[in-house]
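First residue of the sequence shown: 187, per the numbering used here; consecutive thereafter. Encoded as C-alpha cells, the structure appears first; notes follow it.
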Amino acid sequence: MITELREVMMNTPEINESEPLLLIHDLHVWYELRRFGFGHAGYVKAVDGVNFDMDEGETIAVVGESGCGKSSLMKTILGLNIPTSGEVIFDGENLSKLNNKGLRRYRFKVGYVQQDPYGALPPFMNVQKILEEPTLSGGQQQRVVIARAMLREPKLIVADEPVSMLDASVRVEVLKLMHALQESHGLSVIYITHDLSTVKYFSRRIFVMYAGNLIEKAETRRLLDNPLHPYTHALLAATSDPDAHNADTFKEVPPGEPPSLVNPPTGCRFHPRCPHFMAGLCDVEFPPDFEPEPGHFVACWLYDPSRRAERSSVEAQLQ
Ligand code: SF4
C-alpha cells in the first residue's frame, strides 16, 4: 500500500498555472486506516485520479451515489482536505502551496451552501436578527444560507446537495434562485448531488462520479440526451422528477452495492455491477477516458474505437 501511495505521488507531474478559474489535476485524496488506532491498515481512496477544469462563471454538477467520493472532492476544493497528491489550482494559486493566511484568504473566495439548512443556521441566534423573519420554513432557511454564502462575494460556490432535504415543492424554486444569482453575479458553481433530475436547472456540464473517479463528463443536454456509460444509464433510470407532481414515483437504484473504496475492484470499478462487462478486459484494465463525440468523455471500454462490434450490440439492447 505504501509503495502504491509513493508511486501515485511520484507520478504527479508538474503543471503550469493556467487560465481556468479552477483546475483539478490528477487529484488523489486517500485517508489512512489505522488498526486499533495505530497500525497501518490501508487507505480509503475517496478521490483517486480526478481531472477537470472550470471557467469563471461556469456551473458544473458532480453526480453520484453516496460514498462515491463527491463529498471528499468538495471538501478538498473548499480547502478542508489536504490532497494526498495532485493539484488544485484556483485563480492561479496552488492550494497545497498556501500558508494558513493564504488558505483563509482562499476560503473567502469560495462560498459553501450545505445540505442541511437547519444545521447551517446558528441555533442560539434569533433568526429575526439574521433576516428579520420570525420563523422560516426549510426552503426559506436554505435561501438564508445561500444569502450568507453570497455575503463575501465569492468567485465560486460549492453547493452540497442544497435541495435534498427540502420538500419537492420548493426544490425547483431554490434551484432557480441559485441559477438567477449565478447569472447576475457571474458566479461559478459546483453543484454536488446524487440526483440527476435536478441538474438541468443550472449546470452547464455534468460529471458523473463513481468509486473515486469521474467516469463520464459532458455538457448537460448532451449527457442527459445521450448518456454513454452504463452507470449513467442506471442513474438516469433511478432518477425521479423534482417537479412536485412527479416526485413520489418509486424508482429503482442501480442494482448492486457501490464498491469498497479501500479495496476497489480491479479494472473498471463498475464491472461487478455492469450488465455489459467484458471478462478479461473490464476486470483487468482500468479504462481511460475515451471521447466518442466532441467534449463528451467516458471511461468505458465499450467506447474504445477498436470495440465497435461490442458497442453496437449494447446499443441494440438499449433501444
Ligand atoms: Fe461495463 Fe466494461 Fe464499460 Fe466498465 S468498462 S462500464 S465493466 S463495459
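We treat Cβ as the ideally placed atom computed from N, Cα and C, and that holds for glycine. These numbers come from a predicted model, not from an experiment.
- Quick one: what's got a C-beta closer than 7 Å to Arg391's C-beta in the same chain, skipping five residues either side? The residue labelled residue 391 in the question sits at position 205 within the sequence shown. Counting only Cβ-Cβ distances below 7 Å, and skipping sequence neighbours, we find Ile246, Lys403, Ala404, Glu405 and Thr406.
- Lys261 - DSSP class collapsed to helix/strand/coil: Residue 261 sits at position 75 when you count from the first residue of the sequence shown. Here DSSP, grouped into helix, strand and coil, assigns Lys261 to helix.
- Message: For a minimum of 3 consecutive residues, which ranges assigned as the beta strand (DSSP E) are wholly contained in the segment 338-403?
- Response: The qualifying runs are 342-346, 374-379 and 391-396.
- Do Cys486 and His415 have their C-beta atoms within less than 8 Å of each other? Translated into positions along the sequence shown, residue 486 becomes position 300. Translated into positions along the sequence shown, residue 415 becomes position 229. Remark: C-beta atoms of Cys486 and His415 approach each other more closely than 8 Å.
- Message: Using CA atoms only, rank isn't needed, just tell me which of Leu289, Glu251 and Glu496 is closest to Thr262.
- Response: Translated into the one-based positions of the sequence shown, residue 262 becomes position 76. The residue with the shortest Cα to Cα distance from Thr262 is Leu289.
- Task: Compute the distance between the beta-carbons of Val484 and Pro491, then report whether it is under 8 Å.
- Result: What you label residue 484 is simply residue 298 of the sequence shown in a count that begins at 1. What you label residue 491 is simply residue 305 of the sequence shown in a count that begins at 1. Cβ distance not < 8 Å, so Val484 and Pro491 don't count as in contact.
- Message: Less than 8 Å between the C-beta atoms of Gly272 and Leu213, yes or no?
- Response: Stepping through the sequence shown from its first residue, residue 272 is reached at position 86. Stepping through the sequence shown from its first residue, residue 213 is reached at position 27. With respect to the 8 Å criterion, Gly272 and Leu213 are classified as neighbours on the basis of their beta carbons.
- Task: Pull up the DSSP beta-bridge partners for Gly225, would you.
- Result: Taking the sequence shown and counting its residues from 1, the one referred to as residue 225 is at position 39. Partner(s): Arg221.
- Message: Does the distance between the C-beta of Phe483 and the nearest non-hydrogen atom of the ligand SF4 fall short of 7 Å?
- Response: Within the sequence shown, residue 483 is the residue found at index 297, counting from 1. Distances from the CB of Phe483 to the heavy atoms of the ligand SF4 are all 7 Å or more.
- Skipping 5 residues on each side, what residues in its chain have a beta carbon closer than 6 Å to that of Val248? As a working note, residue 248 is residue 62 in the sequence shown. Contacts found: Lys256, Ile378, Phe393 and Met395.
- Using alpha carbons as the reference points, say which of Pro473, Gly278 and His462 lies closest to Val500. Locating residue 500 in the sequence shown gives position 314, counting from the first residue. Considering only alpha carbons, the answer is His462.
- How many angstroms separate the CA atom of Phe294 from the CA atom of Tyr217? In the sequence shown, residue 294 corresponds to position 108, counting from 1. In the sequence shown, residue 217 corresponds to position 31, counting from 1. C-alpha of Phe294 to C-alpha of Tyr217: approximately 26 Å in a straight line.
- Under the criterion of a Cβ to heavy atom distance below 7 Å, does Leu213 qualify as lining the ligand SF4? Locating residue 213 in the sequence shown gives position 27, where the first residue counts as 1. Not under cutoff, so the answer is no.
- How many whole angstroms separate the CB atoms of Val299 and Asp346, which I take to be in contact at a CB cut-off of 8 Å? Translated into the one-based positions of the sequence shown, residue 299 becomes position 113. Translated into the one-based positions of the sequence shown, residue 346 becomes position 160. Their Cβ separation, rounded to whole angstroms, is 7 Å, which keeps Val299 and Asp346 in contact under 8 Å.
- Message: Please state the DSSP three-state secondary structure of Ser498.
- Response: Position 312 of the sequence shown, counted from the start, is the residue given in the question as residue 498. Here Ser498 sits in helix by DSSP.
- Task: Measure the alpha-carbon distance for His328 versus Ala366 and round it to whole angstroms.
- Result: Taking the first residue of the sequence shown as position 1, residue 328 is located at position 142. Taking the first residue of the sequence shown as position 1, residue 366 is located at position 180. Reading off the sequence shown, one finds Gln at residue 328, where the question assumed His. Rounded to the nearest angstrom, the two C-alpha atoms are 15 Å apart.
- Task: Using the Cα positions of Ala430 and Pro445, report the straight-line distance between them to the nearest angstrom.
- Result: Position 244 of the sequence shown, counting from 1, holds the residue named residue 430. Position 259 of the sequence shown, counting from 1, holds the residue named residue 445. Because the pLDDT of Ala430 is 48, which lies under 50, any placement of that residue in the model is unreliable, and the number read from its coordinates should be weighed accordingly. Rounded to whole angstroms, Ala430 to Pro445 spans 32 Å at the Cα level.
- Query: Relative to the alpha-carbon of Thr384, which residue among Leu361, Asp469 and Met464 has its alpha-carbon at the smallest distance?
  - Reply: Position 198 of the sequence shown, counted from the first residue, corresponds to residue 384. Thr384 has its Cα closest to that of Leu361, out of Leu361, Asp469 and Met464.
- Among Leu219, Gly235 and Asn237, nearest to Tyr229 - alpha-carbon criterion: Along the sequence shown, read from residue 1 onward, the residue named residue 229 stands at position 43. Across the set Leu219, Gly235 and Asn237, the C-alpha of Leu219 shows the shortest separation from the C-alpha of Tyr229.
- Outcome for Ala495 when other beta-carbon atoms lying within 10 angstroms are tallied against a minimum of 16: Locating residue 495 in the sequence shown gives position 309, where the first residue counts as 1. So Ala495 ends up on the exposed side.
- Distance CB(Val236)-CB(Leu259) smaller than 8 Å: Sequence index remark: in the sequence shown, residue 236 carries index 50 (1-based). Sequence index remark: in the sequence shown, residue 259 carries index 73 (1-based). Between Val236 and Leu259, the gap from beta carbon to beta carbon is short of 8 Å.
- Could you tell me the distance, in whole angstroms, from the CA atom of Gly278 to the CA atom of Met464? What you label residue 278 is simply residue 92 of the sequence shown in a count that begins at 1. What you label residue 464 is simply residue 278 of the sequence shown in a count that begins at 1. Roughly 42 Å between the two C-alpha positions.
- Would you check if the distance between the CB atom of Asp475 and the CB atom of Gly453 is smaller than 8 Å? As a working mapping, residue 475 is identified with position 289 in the sequence shown. As a working mapping, residue 453 is identified with position 267 in the sequence shown. Contact annotation: Asp475 and Gly453 have beta-carbon atoms that are not nearer than 8 Å.
- Query: Taking the DSSP output, what are the residues bridged to Phe476?
  - Reply: Along the sequence shown, read from residue 1 onward, the residue named residue 476 stands at position 290. Beta-bridge partners of Phe476 (DSSP): Val484.
- Task: Within its chain, find whatever has a CB closer than 8 Å to the CB of Pro450; leave out the 5 residues flanking it on each side and keep chain order.
- Result: On the sequence shown, position 264 is the one that residue 450 refers to. Within the same chain, Cβ atoms closer than 8 Å to the Cβ of Pro450 are found at Lys231, Asp234, Ala397 and Gly398, the five residues on either side in sequence being excluded.
- For Lys341, count neighbouring Cβ atoms within 10 angstroms of its own Cβ and tell me buried if that reaches 16, exposed if not. Counting from 1 along the sequence shown, the entry for residue 341 is found at position 155. Buried: at least 16 other Cβ atoms inside 10 Å.
- How many Å lie between Glu359 and Leu422 at the Cα? Here residue 359 is taken as the residue at index 173 of the sequence shown, counted from 1. Here residue 422 is taken as the residue at index 236 of the sequence shown, counted from 1. Approximately 22 Å, taken between the alpha carbons.
- Query: What residue range is occupied by the uninterrupted alpha helix (DSSP H) comprising Tyr417?
  - Reply: Walking along the sequence shown from the start, residue 417 turns up at place 231. Element bounds for Tyr417: Pro416 to Ala423.
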